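Notes follow the structure.
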Amino acid sequence: MLARERAQPGLRALLGIWFQSERLLPVLLILPSVVAIGIFVYGFIGWTLLVSLSRWTGVAPDYTLVGLENYLRLFNTPRFQNDLRNTLVFTLFFVGGSLLVGLLLAILLDQKVRGESFFRTVYLFPMAVSFVVTGVVWRWLLTPGDPRTGDLGLNQLFGLLGLHFLKSRWFTDPTVLLAVPVGAIQFGIPVALFSVILAAIWQMSGFCMAMYLAALRAIPDDLREAARVDGASEFQLYRDVIIPLLKPTTISAAIVLGHISLKIFDLVFIMTGSGPAQATDMPAIFMYETTFRDNRFAQGAAIAIVMLILVSLVIVPYLISTLRGKLEW
Amino acid sequence: MVGTIRLSRVALYLILSAFALFYLLPVYLLLVTSLKSFADVSFARMWSPPSYFSLESFATAFERLRPNILNSVTMTVPATIISAFIGSINGYVLAKWRFRGSEVLFVLILFGMFIPYQSILIPLVYVLQRIGEVGQDLVQILPPDLAWLGNFIPGYGSIAGLVLVHVIYGIPITTLIFRNYYAAVPGELLEAARIDGAGILGIYRYIILPISMPGFVVVTIWQFTSIWNEFLFAVTITSSPVKRPLMVAVYNLQGSQITEWNIQMAGALLAALPTLLVYLALGRYFLRGLLAGSVKG
Numbered sequence: 000m001l002a003r004e005r006a007q008p009g010l011r012a013l014l015g016i017w018f019q020s021e022r023l024l025p026v027l028l029i030l031p032s033v034v035a036i037g038i039f040v041y042g043f044i045g046w047t048l049l050v051s052l053s054r055w056t057g058v059a060p061d062y063t064l065v066g067l068e069n070y071l072r073l074f075n076t077p078r079f080q081n082d083l084r085n086t087l088v089f090t091l092f093f094v095g096g097s098l099l100v101g102l103l104l105a106i107l108l109d110q111k112v113r114g115e116s117f118f119r120t121v122y123l124f125p126m127a128v129s130f131v132v133t134g135v136v137w138r139w140l141l142t143p144g145d146p147r148t149g150d151l152g153l154n155q156l157f158g159l160l161g162l163h164f165l166k167s168r169w170f171t172d173p174t175v176l177l178a179v180p181v182g183a184i185q186f187g188i189p190v191a192l193f194s195v196i197l198a199a200i201w202q203m204s205g206f207c208m209a210m211y212l213a214a215l216r217a218i219p220d221d222l223r224e225a226a227r228v229d230g231a232s233e234f235q236l237y238r239d240v241i242i243p244l245l246k247p248t249t250i251s252a253a254i255v256l257g258h259i260s261l262k263i264f265d266l267v268f269i270m271t272g273s274g275p276a277q278a279t280d281m282p283a284i285f286m287y288e289t290t291f292r293d294n295r296f297a298q299g300a301a302i303a304i305v306m307l308i309l310v311s312l313v314i315v316p317y318l319i320s321t322l323r324g325k326l327e328w
Numbered sequence: 000m001v002g003t004i005r006l007s008r009v010a011l012y013l014i015l016s017a018f019a020l021f022y023l024l025p026v027y028l029l030l031v032t033s034l035k036s037f038a039d040v041s042f043a044r045m046w047s048p049p050s051y052f053s054l055e056s057f058a059t060a061f062e063r064l065r066p067n068i069l070n071s072v073t074m075t076v077p078a079t080i081i082s083a084f085i086g087s088i089n090g091y092v093l094a095k096w097r098f099r100g101s102e103v104l105f106v107l108i109l110f111g112m113f114i115p116y117q118s119i120l121i122p123l124v125y126v127l128q129r130i131g132e133v134g135q136d137l138v139q140i141l142p143p144d145l146a147w148l149g150n151f152i153p154g155y156g157s158i159a160g161l162v163l164v165h166v167i168y169g170i171p172i173t174t175l176i177f178r179n180y181y182a183a184v185p186g187e188l189l190e191a192a193r194i195d196g197a198g199i200l201g202i203y204r205y206i207i208l209p210i211s212m213p214g215f216v217v218v219t220i221w222q223f224t225s226i227w228n229e230f231l232f233a234v235t236i237t238s239s240p241v242k243r244p245l246m247v248a249v250y251n252l253q254g255s256q257i258t259e260w261n262i263q264m265a266g267a268l269l270a271a272l273p274t275l276l277v278y279l280a281l282g283r284y285f286l287r288g289l290l291a292g293s294v295k296g
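Chains as they are written, first to last, in numbering that gives the first Met the number 0: chain V, 0 to 328; chain F, 0 to 296.
Given below as C-alpha cells:
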C-alpha cells in the first residue's frame, strides 16, 4: 500500500483519491451551512462581545474598548437587579408548574381514558399558537378592570360564578412577597409575575404532557404487572416505580423550558411589559429597549452576553451529556 | 370495590374536563368577542355570547392586517421551503457520510438553536442595514425593467432579509430533525445503490429523497409554525408598519383604542388560525417536531 501511494504522488492523484473515496463532497455539501452558522452564530456572538466591551452609544459605531465597564454598570443598575430576580422567580414557577401540570395530565391520560385524543389535542393546541396571540389574549383575561369599566376578564367571570375571593389585581399588583432588601431592590416574589407565569404554563404545559406521555407509553407493561403482583397499590406503583423512571424526561423537559424562560421576551413584552415597579421586567425586554429604543448598543450587548451565559450554563452541559453517549468524538 | 373504581373514574373525567376548560377558556373569549358587532361589545357582558352573529370585527381586523398577512405569507413560505431542503442535505451528510469532526460540527450547529437571539441581534441588524444600502446602490445602476430584482436583496426592513434570517437560524433544528430521520434508514439500502454505481448525490436523489416525505412534513410544519409565530426578529429587523409581519401588526393593534378590543381579538384569532388549522389537520407530525426539538436521540 505505502509503496503504491509513494509511487503515485501529485495533485491529480490526490484529488482522485478524495473524489473516489467521496470524502470531499460531503464536506462541500455541508460547507454553506457551516459557514453561515460560523458567521451568523459564532462570529456575531464574538462581535456582540466586542460591542459589549466598547463605548458604542448612538447610531454610529464606536469600538473604543472600555473593559468591563458596561457589565459593572449593568449589575449596579436596579432595573437589571430586578430583571435577575424576575428571571429566577419566573423560571422556578414556570418550569415547576409546567412540569407538575404536564406530569399530572400525562398520568391521568395514561389510565385508558375514553376520548384521550380529544383531551390530548386540547391540552397541546396552545403550543401551535404564537406567544404574541397568547400575550394579547391573556392580557385581556387578566385585566382587572377599574371603577369606570367594572370588573373585567377573569375577575368578571369569578364574580358571575360567585367566586369573589378569587378576584385579583393580577399584573397590576406591585406587591413583592417575602421581600428582603438586596442591593438597590426588594428581593422576593413579585405578585404581578404570576399573571405571566399562568399564561406561560397555559402555553407550555401541553409540551410537558406530550413528553411525559411518550415516556409513559415506553414503559413496558410487564413492569407495572410485576409491581401489581407484588401487591403495590396504584399510588405506590407511580411513586416507587413509574415516576423514578421518568427522571430523564423531567430533566430534558426542565432544560428545554428553562432555557426558554431565561430568554423569554415576546410573551412578557406583549402581555405586561415592564409591569408595576418593574415587577415583570425581563433581561430581554431591558436589552430590547436599551438597544433599539435608546441606541445604547454597548450596554444592550452586555445584557445580551449575560443572557447568553445564563442560557449556556443550562444548555451546554445538557448538549454534551445527551450527545456524548451517541456520538463518537 | 366496584363503587370506588366507578367513583375514581368519575373524578378522573372531572379533572380532565376541568383542565380542558382551562385550556379552552381563552378560545371561548376570543370567539365570543370577535363574533360581536361594534354595537354589541360591552365591558359588562364580555363573557356572554353575541346577541347576534356578526363578522364586522373580522372584516375590520382583516382590512387593517391585510398587508401584514401578505408579508407573513411571503416571508414564511420561501423560508420554510428553503430551510427544509438545507436541513435535508445537512441531515443526509451528517447521518450517512460522516467524516472526521462531523460529529463535533453537528453539536456546534445544534448550539445555534438554543442561543438567545439577542446575542447576535446587534451585528445582524448592522449587517442587514449595510446589505440593504449596497442593494439600493445596485438597484440604482440596474435598468428600470430589472428593478424588481431589488425585492430579492435581503437587506434591513425587507421581507427577503427576514427570509434570510429565518433560513439561517433554522439550520440547526431542520438539520437535527433530518439527521435523526435519516439515521433510521438502513445502511444496506445505501450500500446496494453504491454497488450499482450511484454516487453521493445519486443516492440522495434516487434513494433518500423519495422516502423523505414524512421528514419534510415534520420539518415544514415546524418551520412554518415557528416562522409564522416569531416576534423578536420581526420587530427588530423591520421598521415601516406596512413592511412588518403579521405578529408585529397584531401587537400594534393592542396599542390602539381600548374600546376596539373586539378587533384585537379578531386580529389575534386571524393570526392564530393558519398554525391552528395545520395543528388540527396534522397534529401527529406537529408532535414529532416538538419532541425532536428536545434533542432526544
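The beta-carbon is built from N, C-alpha and C at its ideal position, and this holds for glycine as well.
Remember, predicted model here, so these are calculated numbers, not experimental data.
{"query": "As assigned by DSSP and simplified to three states, the class of residue 188 of chain V", "result": "strand"}
{"query": "At least three beta-carbon pairs within less than 8 Å, the region 152-161 of chain F to the region 230-242 of chain F", "result": "yes"}
{"query": "DSSP-derived helix/strand/coil call for residue 53 of chain V", "result": "strand"}
{"query": "CB contact check: residue 67 of chain F to chain V, cutoff 8 Å", "result": "no"}
{"query": "CB of residue 178 of chain V within 8 Å of CB of residue 170 of chain V, strictly", "result": "no"}
{"query": "Residues in the region 202-216 of chain V having any Cβ partner in chain F nearer than 7 Å", "result": "206, 209, 210 and 213"}
{"query": "Cross-chain neighbours of residue 96 of chain V in chain F, by beta carbon under 7 Å", "result": "Within chain F, no residue comes near residue 96 of chain V; the closest Cβ sits about 12 Å away, beyond 7 Å."}
{"query": "Three-state class that DSSP yields for residue 274 of chain V in the structure shown", "result": "coil"}
{"query": "Contact set between residue 271 of chain F and chain V, taken where Cβ atoms lie within less than 7 Å", "result": "128, 129 and 132"}
{"query": "Residue 48 of chain F - DSSP class collapsed to helix/strand/coil", "result": "coil"}
{"query": "8 Å Cβ cutoff, residue 110 of chain F in contact with chain V", "result": "yes"}
{"query": "Range of the contiguous beta strand (DSSP E) that encloses residue 178 of chain V", "result": "175-181"}
{"query": "Beta carbon of residue 267 of chain F nearer than 8 Å to that of residue 249 of chain F", "result": "yes"}
{"query": "Contact test: residue 63 of chain V Cβ vs the ligand HEM heavy atom, cutoff 7 Å", "result": "Ligands are entirely absent from the displayed structure, and the ligand HEM is therefore not among its contents."}
{"query": "Neighbour-count burial assignment, residue 116 of chain V, 16 or more Cβ in a 10 Å radius", "result": "exposed"}
{"query": "Same chain, Cβ closer than 7 Å to residue 206 of chain F, five either side skipped, listed in chain order", "result": "188, 189 and 192"}
{"query": "As assigned by DSSP and simplified to three states, the class of residue 1 of chain V", "result": "Any reading at residue 1 of chain V is ruled out, since the residue's pLDDT is 43, under 50, leaving its predicted position unreliable."}
{"query": "Contacting residues, own chain, Cβ-Cβ under 6 Å from residue 34 of chain V (five flanking each side not counted)", "result": "none"}
{"query": "Whole-angstrom distance between residue 268 of chain V and residue 372 of chain V, CA atom to CA atom", "result": "Only positions 0 to 328 of chain V appear in the structure, and residue 372 of chain V is not among them; the question remains open."}
{"query": "Sub-8 Å separation of residue 94 of chain V and residue 283 of chain V beta-carbons", "result": "no"}
{"query": "Residues sharing a beta bridge with residue 220 of chain V, DSSP", "result": "DSSP, once it has assigned bridges, lists no residue as partnering residue 220 of chain V."}
{"query": "Sub-8 Å separation of residue 152 of chain F and residue 130 of chain F beta-carbons", "result": "yes"}
{"query": "Separation of residue 150 of chain F from residue 167 of chain V, as counted between CA atoms", "result": "50 Å"}
{"query": "Neighbour list for residue 147 of chain F in chain V, Cβ cutoff strictly below 7 Å", "result": "Near residue 147 of chain F there are no residues of chain V at all, since even the closest Cβ is about 26 Å away, more than 7 Å."}
{"query": "Residue 93 of chain F versus residue 212 of chain F - alpha carbon distance", "result": "19 Å"}
{"query": "Entirely enclosed beta strand (DSSP E) segments - the region 91-143 of chain V, minimum 3 residues", "result": "none"}
{"query": "Closest by C-alpha distance to residue 67 of chain F, when choosing among F:251, F:289 and F:259", "result": "F:251"}
{"query": "Partners in chain V for residue 253 of chain F, counting only beta-carbon separations shorter than 8 Å", "result": "135, 138 and 269"}
{"query": "Residue 33 of chain F at chain V interface by Cβ criterion, 8 Å", "result": "no"}
{"query": "Residue of V:208, V:314 and V:151 minimising C-alpha distance to residue 123 of chain V", "result": "V:208"}
{"query": "Bridge partner(s) assigned by DSSP for residue 150 of chain V", "result": "V:144"}
{"query": "Contact with chain F by residue 177 of chain V, beta-carbon distance below 8 Å", "result": "no"}
{"query": "Exposed unless 16 or more other CB atoms sit within 10 angstroms - verdict on residue 20 of chain F", "result": "exposed"}
{"query": "contact_flag[the region 217-225 of chain F, the region 172-181 of chain F] where n(CB pairs < 8 Å) is 3 or more", "result": "yes"}
{"query": "C-alpha distance - residue 89 of chain F paired with residue 171 of chain F, whole-angstrom precision", "result": "9 Å"}
{"query": "Whole-angstrom distance between residue 232 of chain V and residue 210 of chain V, CA atom to CA atom", "result": "25 Å"}
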